[in-house]
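First comes the structure, then the notes that go with it.
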Amino acid sequence: MIFGRLTRIFTRLYQFFFYNEYYRRSVYLAPRSRLGLNTYIGDGTNINGPCYIFSNKQASVRIGRHCAIAHNFRVRTRNHLVCYANMQDKLQKIVGGPSLSRDQGGVVIGHGCWIGDNVTILPGVCIGNGVVIGAGSVVTGDIPSYCIAVGTPAKAIKRRFSLELIDQLEDIKWWYWPKEKLEENVEFFSIDLTSFSGDLKSMVK
Ligand SMILES: CC(C)(COP(=O)(O)OP(=O)(O)OC[C@H]1O[C@@H](n2cnc3c(N)ncnc32)[C@H](O)[C@@H]1OP(=O)(O)O)[C@@H](O)C(=O)NCCC(=O)NCCS
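Residues 1 to 205 in our numbering are what the sequence shown spells out, letter by letter.
Quick look at the structure:
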């Protein structure tokens, strides 16, 4: 128990000193995470294990607000060219050949998503709001909002809620609420939406 508490204190200090901007916006970024220069993580998102997010001037990575991202999360915006004999940057520099790196487009992850352990997102992918990505998936193409997607390549296997409810959630945009409004709306966050039908807005305080 003491060890757990010490780890939490250490982690908060680490965030405060090394990722102060995230600390202020309640973003949790596990120690030993590595982020590319052009990465944006929305308020309240948690990345619970060390992650590696590659991004650069040519290709950004944008992650929405209040997402839950588990361990060993990888995002790539770049591939190696495979048309030359060699595929290793170091050797290509030694021989003076053309660059092997090919930026293939940024990655966007919506608000309120849950991403399981050991997930890799490949270049150019757009993941909607409220999406679940199953453990161990490799995401190679776009995933529509509120779907559960699993496997390699990740495919949507089901929608979390009815289309009518999804429309309402997209109108409500709870992920933009300030902390006080989030806290006031315990009832809204306690509804089982899989069996709910009706006016969700009327449940919002
Ligand atoms: C994605 C997930 C939430 C799906 O849960 P679910 O909606 O209850 O789905 P089910 O268990 O009913 O599975 C539906 C189908 O998808 C398959 N499936 C589920 N998760 C899968 C995964 N991660 N990879 C590949 N296939 C998966 C199941 O085998 C099943 O296939 P079938 O219909 O052919 O039998 C869950 O399986 C998962 O991966 N959770 C992540 C756990 C994790 O990483 N936690 C980190 C800490 S927060």
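Beta carbons: idealized from backbone N, C-alpha and C, even for Gly. Remember, predicted model here, so these are calculated numbers, not experimental data.
Open item on the list: Under 8 Å: do the region 87-94 and the region 136-143 share three or more Cβ pairs, one atom per stretch?
Closed with: no
Task: Enclosing beta strand (DSSP E) for residue 40 [first to last residue] - done: 39-41
- [ ] Counting only the same chain and skipping the five closest in sequence on each side, list residues whose C-beta sits under 6 Å from that of residue 124.
- [x] 104 and 105
Open item on the list: I want to know whether the region 25-34 touches the region 74-83 - three or more CB-CB distances under 8 Å.
Closed with: no
Task: Rounded straight-line distance, which links the Cα of residue 126 to that of residue 155 - done: 13 Å
Open item on the list: If you measure between the beta carbons of residue 41 and residue 9, is that distance less than 8 Å?
Closed with: no
Open item on the list: Could you tell me the alpha carbon to alpha carbon distance between residue 51 and residue 182, rounded to whole angstroms?
Closed with: 27 Å
Open item on the list: Beta-carbon within less than 8 Å of residue 146's beta-carbon, same chain only, minus the 5 sequence neighbours each way: which residues are those?
Closed with: 128, 129, 130, 131, 159, 160, 161, 166 and 169
TODO: Could you check what DSSP says for residue 174 in three-state terms: helix, strand or coil?
DONE: helix
- [ ] Pick helix, strand or coil for residue 20, following the three-state DSSP scheme.
- [x] helix
Open item on the list: Taking a contact to mean a Cβ-Cβ separation below 8 Å, would you say residue 66 touches residue 48 in this structure?
Closed with: no
TODO: For my contact list, residue 61 and residue 107 are in at a C-beta cut-off of 8 Å; report their separation, rounded to the angstrom.
DONE: 5 Å
TODO: Measure the CB-CB distance between residue 55 and residue 38 and report whether it falls below 8 Å.
DONE: yes
Task: Buried versus exposed call for residue 59 [16 or more other C-beta atoms within 10 Å across all chains shown] - done: buried
Task: Residues that residue 28 bridges to, as DSSP identifies them - done: 46
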